[in-house]
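**Student:** Residue numbers are given in the numbering used here: position 377 of the sequence shown equals residue 499, and the series is strictly consecutive.
Note that beta-carbon positions come from the ideal geometry of N, C-alpha and C, so glycine has one too.
Keep in mind it's a predicted model, so treat the numbers as computed, not measured.
Provided herewith is a single structure, encoded as structure tokens, for subsequent inquiry.
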Amino acid sequence: MVGKTVDHKGRPYGKVDVDVIIVGAGLSGIGGACHLRRECPDRSFVILEARNSVGGTWDLFRYPGVRSDSDMHTLGYDFKPWTDAKAIADGPAILDYVRETARENGLMDRVRFGHRVRSARWDSDEARWTVVVDRAGVGPTEISGNFLFMCSGYYQYDEGHTPHFEGQENFNGRILHPQFWPETLDYTGKRVVIIGSGATAMTLAPAMANTGASVAMVQRSPTYVISRPAVDALANTLGKWLPAKLAYAITRWKNIALQGMFYRQTRVRPDKVKSQLLGLVRRYLGTDYDVKTHFTPRYNPWDQRLCLIPDADLFRAIKSGALEVVTDQVERFTENGLELASGRELPADIIVTATGLKLAVMGGVTFTVDGKQVNVPDTTIYKGMMFSDVPNLVQTFGYINASWTLRADLTARYVCRLLNRMAATGMRQCTPRLKEEDRNMPRRPWIDDFSSGYMQRSMHLFPKQGDRHPWRHAQDYAVDKKLTRAPVEDGVLVLDNPADTQTVRQRVA
């Protein structure tokens, strides 16, 4: 039974049929919708958002100190300058930026809040996706459109990665996961143990230490940490003398170039980069601190994601004595804290399991094409955004070695070029098809040179990549920019109409 639904103001509407369905009203979805309004003004669209507000990650995460680990001149949209003084911004400021973008571009009336997409089915005869949406108190609702643009991120919003620790049911204090932080929690004067060494732990630890808690951060192994000023002096100077868009563009390209150069150095001169990074840590913490134990990973820089800290806040908290980094294994929880593999006991009133995200491919939505379920790991990724033999579907995958929005903007611009090309040629379907010579090429993991646990745990859920373009999943902005600006009709992406598809199916039969 398909029910009626309502918009964000409670106004009822029936079955919706649009040109483009955007799933997700976070950073990617709002950005994609803005590009669509500007570059494809004749296309109708709707934005489906499972939560009750705009913002995605930046609306979900509320833990102390939540911030970006990328500068906002590259994490921001290419069309909307970031003008705040701080380039490494806190979560509330980023949320304001996303919501302001939505309001400025008239998108709030396009968002359907409380709409969780469960499944999507493609009908080649109609050249149409039909998505089934769950909405509390209404029942399943069907919304159909010609093109499906998935902007739902890469992790599960309702479940984090929380390994079971022996004895955790015996702990007398509170156990929290950062993804579900209680806004009223008072940790002043409390003994806090944070388990983890990723970006979330690196953010939480100094924030809690600086606001009244005694903090120990327990890590199994170290992570590379690099400090950068929260304020970009060049950006703020340019902002005083140049128009905002020009100042932003210059800063953005400066940061893209520097980040790209640094990443390439980690690939060709990893030992030199490692030495430089560890030298900076020693400069901050002093020669008496055990940098080898606590900040020297066993892997090379960018084999896993580096942790960016603003203004050396983590190091300053360590030097103040309010924060201790403990490199050890958690043996078990006790009534009063943790027992470590070394035999040391850490007392705690609060234990925070900053143990990572649980990844999800395209929001966990089930897809079928002409009645056959799509098994995503059996597909091959096309230009980092589409899937072999799956029509009219694009997923935004951001970068793991650079700002997410850099690729999100490229993806959205490509979607608009693709839609405009389809309109110009009178075609309603676009499907990446492996050429005969590509069918036997080596298929590699979606990301094959990144060893972070949260990725490796879920890599089996993702599409594969090939060993040649456009089937490579490059983590390279320059390469992706060239790919997304290349001609749409490249001999791999097939544009056709329902009648053409039906004829092909009949010939095959």
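If I follow the unbroken beta strand (DSSP E) through glutamine 278, where does it start and stop?
**Tutor:** Indexing the sequence shown from 1 puts residue 278 at position 156. Counting along the chain, the beta strand (DSSP E) containing glutamine 278 begins and ends at 277–282.
**Student:** For aspartate 618, does the count of other Cβ atoms within 10 angstroms reach 16, so buried, or fall short, so exposed?
**Tutor:** The residue you call residue 618 lines up with position 496 of the sequence shown. Under this definition aspartate 618 is a buried residue.
**Student:** Distance check for glutamine 426 and threonine 502, CA to CA, integer angstroms please.
**Tutor:** Residue mapping note: residue 502 aligns to position 380 of the sequence shown, counting from 1. Residue mapping note: residue 426 aligns to position 304 of the sequence shown, counting from 1. Cα-Cα distance, rounded: 24 angstroms.
**Student:** Using CA atoms only, rank isn't needed, just tell me which of Gly146, Thr415 and Lys312 is closest to valine 255.
**Tutor:** Translated into the one-based positions of the sequence shown, residue 255 becomes position 133. Looking at the Cα atoms, Gly146 is the closest of the given residues.
**Student:** Can you have a look at glycine 613 and say buried or exposed, based on whether 16 or more other CB atoms are within 10 angstroms of its CB?
**Tutor:** By 1-based counting over the sequence shown, the position of residue 613 is 491. Under a 10 Å Cβ-count criterion, glycine 613 is classified as exposed, with fewer than 16 other Cβ atoms of the shown protein chains found around its own Cβ.
**Student:** Do you know offhand how far glycine 282's Cα is from tryptophan 303's?
**Tutor:** Locating residue 282 in the sequence shown gives position 160, counting from the first residue. Locating residue 303 in the sequence shown gives position 181, counting from the first residue. If you take the alpha carbons of glycine 282 and tryptophan 303, they lie about 12 angstroms apart.
**Student:** I'd like the list of long-range same chain contacts for valine 314, defined as Cβ closer than 6 angstroms, with 5 residues on each side in sequence excluded.
**Tutor:** In the sequence shown, the residue the question calls residue 314 occupies position 192. Closer than 6 angstroms at the Cβ level, and outside the excluded window around valine 314, lie Met330, Ala335, Val337 and Ile472.
**Student:** How many angstroms separate the CA atom of aspartate 450 from the CA atom of serine 464?
**Tutor:** Translated into positions along the sequence shown, residue 450 becomes position 328. Translated into positions along the sequence shown, residue 464 becomes position 342. If you take the alpha carbons of aspartate 450 and serine 464, they lie about 7 angstroms apart.
**Student:** Report, in whole angstroms, the separation of the C-beta atoms of leucine 170 and histidine 237, which I expect to be a contact under 8 angstroms.
**Tutor:** Residue mapping note: residue 170 aligns to position 48 of the sequence shown, counting from 1. Residue mapping note: residue 237 aligns to position 115 of the sequence shown, counting from 1. Rounded, the Cβ-Cβ distance is 4 angstroms, consistent with contact.
**Student:** Suppose you measure from the CA of asparagine 662 to the CA of threonine 345; what does that come to, to the nearest Å?
**Tutor:** Nothing about residue 662 can be reported from this structure: the residues present for the chain run from 123 to 631 only.
**Student:** Can you tell me the Cα-Cα spacing of arginine 296 and tyrosine 185, whole angstroms?
**Tutor:** By one-based count along the sequence shown, residue 296 stands at place 174. By one-based count along the sequence shown, residue 185 stands at place 63. Rounded to the nearest angstrom, the two C-alpha atoms are 15 angstroms apart.
**Student:** Report the CB separation of glycine 187 from threonine 409 in whole angstroms; it is logged as a contact under 8 angstroms.
**Tutor:** As a working mapping, residue 187 is identified with position 65 in the sequence shown. As a working mapping, residue 409 is identified with position 287 in the sequence shown. Not quite, the Cβ-Cβ distance comes to about 28 angstroms (not below 8 angstroms), so this is no contact.
**Student:** What is the rounded straight-line gap between the Cα of leucine 445 and the Cα of threonine 475?
**Tutor:** In the sequence shown, residue 445 corresponds to position 323, counting from 1. In the sequence shown, residue 475 corresponds to position 353, counting from 1. Cα to Cα, leucine 445 sits roughly 16 angstroms from threonine 475.
**Student:** DSSP three-state label for alanine 207, please.
**Tutor:** In the sequence shown, counting from the first residue as 1, residue 207 sits at position 85. Alanine 207: coil per DSSP, three-state reduction.
**Student:** So, is valine 340 buried or exposed, given that buried needs 16 or more other C-beta atoms within 10 angstroms?
**Tutor:** Here residue 340 refers to the residue found at position 218 when the sequence shown is read from its first residue. Buried, by the Cβ-count rule.
**Student:** Residues in the same chain with beta-carbon distance under 7 angstroms from valine 483, minus the five sequence neighbours each way, listed in chain order, please.
**Tutor:** Stepping through the sequence shown from its first residue, residue 483 is reached at position 361. Here the set comprises Val498, Leu583 and Phe584.
**Student:** Indicate whether cysteine 552 and proline 513 have their beta-carbon atoms separated by less than 8 angstroms.
**Tutor:** As a first step, residue 552 is located in the sequence shown; it is residue number 430 there, counting from the start. As a first step, residue 513 is located in the sequence shown; it is residue number 391 there, counting from the start. For cysteine 552 and proline 513, yes; Cβs fall inside 8 angstroms.
**Student:** Just to confirm, are glutamine 85 and phenylalanine 183 a CB contact at a threshold of 8 angstroms?
**Tutor:** This structure cannot settle anything about residue 85, because the visible part of the chain is limited to 123 through 631.
**Student:** Hey, how far is the Cα of arginine 607 from the Cα of threonine 533?
**Tutor:** Start at 1 with the first residue of the sequence shown, and residue 607 comes out as number 485. Start at 1 with the first residue of the sequence shown, and residue 533 comes out as number 411. Near 10 angstroms, if we compare the C-alpha coordinates of threonine 533 and arginine 607.
**Student:** Can you check DSSP and say which residues form a bridge with tryptophan 251?
**Tutor:** Position 129 of the sequence shown, counted from the start, is the residue given in the question as residue 251. BP columns for tryptophan 251 point to Trp244 and Gly267.
**Student:** Phenylalanine 167 lies in the beta strand (DSSP E); which residues open and close that run?
**Tutor:** Residue mapping note: residue 167 aligns to position 45 of the sequence shown, counting from 1. First-last of the beta strand (DSSP E) with phenylalanine 167: 167–171.
**Student:** When you compare only the Cα positions, how much space is there between valine 138 and glycine 459?
**Tutor:** Counting from one through the sequence shown, the residue named residue 138 turns up at place 16. Counting from one through the sequence shown, the residue named residue 459 turns up at place 337. So the alpha carbons of these two residues sit roughly 53 angstroms apart.
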